[in-house]
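Undergrad: Residue numbers are given in full-length UniProt numbering: position 91 of the sequence shown equals residue 91, and the series is strictly consecutive.
Ideal Cβ positions, reconstructed from N, Cα and C, are used throughout, including at glycine.
Please read all numbers here as calculations on a predicted model, not as lab measurements.
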Amino acid sequence: MLAYPSTSAPPWPQRHPAAASPRRVAVAAAPAGAPARGKRRRAGAGEAEADPAAEAAELVRFFLRKTDGGKDRLVSVLDRHVKVVRTEHCFLLFEELGRRDGWVQCLEIFRWMQKQRWYVADNGIYSKLISVMGRKGQIRMAMWLFSQMRNSGCKPDTSVYNSLIGAHLHSRDKSKALVKALGYFDKMKGMERCQPNIVTYNILLRACARASDTKQVDILFKDLDESIVSPDIYTYNGVIDGYGKNGMITEMESVLVRMKSKQCRPDVITFNILIDSYGRKQTFDKMEQVFKSLLRSKERPTHPTFNSMITNYGKARLREKAESVLEKMGELGFKPNYVTQECLINMYAYCDCVSKAQQIFDELVSSQSTVPLSSLNAMLDAYCMNRLPMEADRLLDSAIEKGVVPSASTYKLLYKAYTRANDKMLVQKLLQRMNKQGIVPNKKFFLDALEAFGTSANKPRRVQTSNSARESSSDSANNSEMASSSKPVSSTLEAVGASEKKIRILPNSNSASKPDAGSESSSEIATSSKPELSFLRVAS
1 MLAYPSTSAP
11 PWPQRHPAAA
21 SPRRVAVAAA
31 PAGAPARGKR
41 RRAGAGEAEA
51 DPAAEAAELV
61 RFFLRKTDGG
71 KDRLVSVLDR
81 HVKVVRTEHC
91 FLLFEELGRR
101 DGWVQCLEIF
111 RWMQKQRWYV
121 ADNGIYSKLI
131 SVMGRKGQIR
141 MAMWLFSQMR
151 NSGCKPDTSV
161 YNSLIGAHLH
171 SRDKSKALVK
181 ALGYFDKMKG
191 MERCQPNIVT
201 YNILLRACAR
211 ASDTKQVDIL
221 FKDLDESIVS
231 PDIYTYNGVI
241 DGYGKNGMIT
251 EMESVLVRMK
261 SKQCRPDVIT
271 FNILIDSYGR
281 KQTFDKMEQV
291 FKSLLRSKER
301 PTHPTFNSMI
311 TNYGKARLRE
321 KAESVLEKMG
331 ELGFKPNYVT
341 QECLINMYAY
351 CDCVSKAQQI
361 FDELVSSQST
371 VPLSSLNAML
381 DAYCMNRLPM
391 EADRLLDSAI
401 EKGVVPSAST
411 YKLLYKAYTR
421 ANDKMLVQKL
431 LQRMNKQGIV
441 PNKKFFLDAL
451 EAFGTSANKP
461 RRVQTSNSAR
471 ESSSDSANNS
481 EMASSSKPVS
491 STLEAVGASE
501 KKIRILPNSN
511 SASKPDAGSE
521 SSSEIATSSK
531 PELSFLRVAS
């Protein structure tokens, strides 16, 4: 998935005038065991003092290390070093904890801040907290913070409303959220200190494009043209990306024309979005034209450029084209990273070349000091796409034996594959593992599995012997290793019923899995009956 830098981050909070700078505080009262701070160097005229922002970031990392992996409360750590903590440190903690899904800790730190003598209510802090709560789906908490801000005497400004709009757009009901966001937008235009800026327009234009609301996009563009605000590259990239992901190629190209008419030069993100959008629609002639234009421009391709092309060629089963992209990547001086290798694994899985995918995975494991869990998931998915659930189960066994902890997404893709294979034994084994690890599935988890089974229930199945796993099948889609059943749905419901006796079902959760390749041609099957892979370096 292509993305571009966010423009909705609120400004840095104003420092309390009476508070000492992070550098002076750190030098004067550094906590015991804290990393050494930079000192002023007066030996040479060209030597500058250490960057205060870098020192503050290092101090924040020190605080997080002191929690000992979450065993100690962060608030307790701050209490021990209260003499050196100031607003800028808490702001950095909010950013870091927001990335770690620690929104509850953010609220604890906020409450701790309010008790300190140096604390002064600040719009920047509230804006950051509202943004963090929104990204984590805590819309009510974001609204509570907005009301707290007003009660504290702060007057909302443009950055606060931008965060509030972004928070609502992260809710699950996208249509209702968009109406709410546009309501805030209209309210902002009526307040002098809250006039919409380019960040406001960028957030709303992207959201409307993702919602396929072309009429509202045109209205916002017209409103933008009449205002004193000028669109930037992020404006156009957001709308192009939104239309592209919805497959609205004509609308996407019209925005590109508008962009050129405004004399706004496309950057590498624009090229990457266009390449990915054309690739998703399998209009490879246009995708290749954009790639050639990128090479002729002043911009330089990035890893996402090649990864997108490899993935989209793979989904179209164009193996030679995908491999030519890999060769071009080497010619331009790019070395494949682990994401590229995952894309290659997926590409070979779509092209029924499981042994080649396993070879790439082996190379990835041997070349990386730590291999992300996403790489293991890619290889498991490759087995599942090619109807090899037993191979996937053996690979998972090997990984768990080496200390790898599967994620919820790992179990989701395996559950769908095992259910599609109508293998009750593997389903029960997987549910036991989930129960032991404390992962609780919900209704959508099971419904997705039933839906996946329904798409393949009419295909005849036969039991695959151990010898057949070592041979290439001439009809892999119709003659897989799955046992035939006259009542496939009832057997799946039995498995679901058995699991519900042990596992409490929770409502409303997102399912994450990859589509089945639907192969009707011959499959190249891995030669080993049990993957002998080194998982000493695989990290969860």
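State the Cα-Cα distance for the pair Glu-391 and Ser-409, rounded to the nearest angstrom.
TA: 18 Å
Undergrad: Hey, quick one: how far does the alpha helix (DSSP H) through Ser-293 stretch, first residue to last?
TA: 284-296
Undergrad: Count the other CB atoms within 10 Å of the CB of Val-427; is the residue buried (16 or more) or exposed (fewer)?
TA: buried
Undergrad: Relative to the alpha-carbon of His-81, which residue among Arg-265, Lys-286, Phe-62, Asp-173 has its alpha-carbon at the smallest distance?
TA: Phe-62
Undergrad: Counting only runs that start and end within the segment 112-186, where is the beta strand (DSSP E) found for 3 or more residues in a row?
TA: none
Undergrad: Is the segment 358-371 touching the segment 320-327 in the sense that three or more CB pairs, one from each, lie closer than 8 Å?
TA: Here the segment 320-327 makes no contact with the segment 358-371; the two share fewer than three CB pairs at distances below 8 Å.
Undergrad: Would you mind reading off the limits of the alpha helix (DSSP H) that contains His-81?
TA: It is not in any alpha helix (DSSP H) - His-81 carries neither H nor E in the DSSP assignment.
Undergrad: Would you check if the distance between the CB atom of Gly-279 and the CB atom of Asn-312 is smaller than 7 Å?
TA: In contact: Gly-279 and Asn-312 (Cβ atoms closer than 7 Å).
Undergrad: Whole-angstrom Cβ separation of Thr-302 and Ile-275, contact assumed at under 8 Å?
TA: Rounded, the Cβ-Cβ distance is 11 Å, inconsistent with contact.
Undergrad: Would DSSP call Leu-388 helix, strand or coil?
TA: coil
Undergrad: Have a look at Asp-101 and Lys-136 and give me their C-alpha separation to the nearest angstrom.
TA: 7 Å
Undergrad: Would you mind stating whether Asn-123 and Asp-157 have Cβ atoms separated by less than 7 Å?
TA: In contact: Asn-123 and Asp-157 (Cβ atoms closer than 7 Å).
Undergrad: Return yes when the Cβ of Met-143 is within less than 7 Å of the Cβ of Trp-103, no when it is not.
TA: no
Undergrad: Ala-316 lies in the alpha helix (DSSP H); which residues open and close that run?
TA: No alpha helix (DSSP H) holds Ala-316; DSSP gives it neither H nor E.
Undergrad: Output the boundary residues of the alpha helix (DSSP H) element that contains Val-239.
TA: Taken as a continuous stretch (DSSP letters only), the alpha helix (DSSP H) holding Val-239 covers 233-245.
Undergrad: In chain order, what residues of the same chain have a beta carbon less than 7 Å from the beta carbon of Val-339, not counting five sequence neighbours either side?
TA: His-303, Asn-307
Undergrad: Tell whether a beta-carbon distance below 7 Å holds between residue 541 and Asn-162.
TA: The shown model of the chain, from 1 to 540, leaves out residue 541, and the question about it has no answer.
Undergrad: Am I right that Ile-130 and Val-179 are in contact with their C-beta atoms under 8 Å? What's the rounded C-beta distance?
TA: Incorrect: roughly 19 Å between the Cβ atoms, too far for contact.
Undergrad: If Gly-314 sits next to Met-347, beta carbons under 8 Å apart, how far is it from one beta carbon to the other, in whole angstroms?
TA: 3 Å
Undergrad: Thr-67 and Leu-59 look like a contact to me (Cβ under 8 Å); what is the Cβ gap, rounded to whole Å?
TA: About 14 Å; that fails the 8 Å criterion.
Undergrad: Return the residue from the list Lys-412, Thr-419, Val-255, Leu-220 that minimises the CA-CA distance to Arg-387.
TA: Thr-419
Undergrad: What does the alpha-carbon distance come out to for the pair Lys-174 and Ala-211?
TA: 8 Å
Undergrad: If you draw a straight line from the C-alpha of Phe-221 to the C-alpha of Ser-261, how long is it?
TA: 13 Å
Undergrad: Going by DSSP in three states, Thr-492 sits in which element: helix, strand or coil?
TA: Its pLDDT being 38, under 50, Thr-492 is placed unreliably by the model, and the measurement read from it follows with that caveat. Thr-492: helix per DSSP, three-state reduction.
Undergrad: Under a Cβ-count criterion, where at least 16 other Cβ atoms within 10 Å of its own Cβ denotes burial, should Asp-241 be classed as buried or exposed?
TA: Under this definition Asp-241 is a buried residue.
Undergrad: Suppose you measure from the CA of Cys-351 to the CA of Lys-321; what does that come to, to the nearest Å?
TA: 12 Å
Undergrad: What did DSSP end up calling Pro-406 once you bin it into helix, strand or coil?
TA: DSSP places Pro-406 outside both helix and strand once states are collapsed to three, so it counts as coil.
Undergrad: Do you know how far the Cα of Ala-417 is from the Cα of Val-354?
TA: Near 16 Å, if we compare the C-alpha coordinates of Ala-417 and Val-354.
Undergrad: Between Asn-377, Arg-172, Leu-204, which lies nearest to Tyr-184 when the distance is taken from Cα to Cα?
TA: Leu-204
Undergrad: Are the CB atoms of Leu-430 and Leu-447 nearer to each other than 7 Å?
TA: no
Undergrad: Where Gly-403 and Lys-335 are concerned, what is the direct C-alpha to C-alpha distance, given to the nearest angstrom?
TA: Each residue's alpha carbon lies about 29 Å from the other.
Undergrad: Less than 7 Å between the beta carbons of Gln-216 and Cys-208, yes or no?
TA: yes
Undergrad: Thr-270 lies in the alpha helix (DSSP H); which residues open and close that run?
TA: 268-280
Undergrad: Excluding the 5 residues preceding and the 5 following Phe-146 in the sequence, name in chain order all residues of the same chain whose CB lies nearer than 8 Å to its CB.
TA: Tyr-126, Ile-130, Pro-156, Val-160, Leu-164
Undergrad: Is it right to say Val-257 is buried, meaning 16 or more other beta carbons lie within 10 angstroms of its own, or is it exposed?
TA: exposed
Undergrad: Enumerate in chain order the residues of its own chain whose CB-to-CB distance from Tyr-383 is below 6 Å, with the five nearest sequence positions on each side excluded.
TA: Glu-391, Ala-392
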